[in-house]
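Asks: Read in the UniProt record's numbering, the sequence shown has 117 at position 117, and its numbers run on one by one without any break.
Idealized CB from N, CA, C, for every residue including glycine.
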Amino acid sequence: MSSLAAEKATLDKVLALLNAYDLDALAELFTPDFIRILQPKASVEPHQLNAQQLTFGLKRIGQQFTSPIVYEFHNHVHDAEAHRSVVEFSNHADTTLGPFGGEGVLFFQFTEDGDKISRVDEYVDSIMHCAFQEKLAAAKVGGMH
1 MSSLAAEKAT LDKVLALLNA YDLDALAELF TPDFIRILQP KASVEPHQLN AQQLTFGLKR
61 IGQQFTSPIV YEFHNHVHDA EAHRSVVEFS NHADTTLGPF GGEGVLFFQF TEDGDKISRV
121 DEYVDSIMHC AFQEKLAAAK VGGMH
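1. Assuming I37 is part of the beta strand (DSSP E), what are its boundary residues?
2. Mind listing, in chain order, the continuous beta strand (DSSP E) runs of no fewer than 3 residues lying wholly within the region 69-132?
3. If I measure Cβ to Cβ from V124 and keep anything under 6 Å in the same chain, skipping five residues before and after, which residues do I get?
4. Taking the alpha carbon of E7 as the point to measure from, which residue in L106, F132, L136 and S85 has its own alpha carbon closest?
5. Are the Cβ atoms of L38 and E134 separated by less than 7 Å?
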């Protein structure tokens, strides 16, 4: 299998696992030195996470879901030479804190063989993201675990 074919197959797995919210299986597709960068950094914190921190944070958010999160992915672009793929996304779910949702772009960096992901740069709608993070922080102060 070419590295481009492997990258496309790995990306298909990642997108399916996001929709299934199977975070442990998702983490298995990351390299040991995986990093996720969240942008824009001026308005969204924390800016940089490793795989363990990312899955912990997503599980924390997931505890608030009262309906499954639904992702929609659009405009997949692959660069075989750079081992990168870019995907637009939108997502939504109902939560105990009110509606959750957003949109953005994910930039995936693959290993040379295309079987693992070493980095994700995620650009999100910072207004929507920060509003939900503020609700999470307030709920934590109020006793949410």
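Replies: Based on what the coordinates show:
1. F30 to Q39
2. 70-79, 84-95, 98-110 and 117-124
3. Only G102 and G104 meet the Cβ criterion.
4. Of L106, F132, L136 and S85, the residue nearest in Cα terms is S85.
5. no
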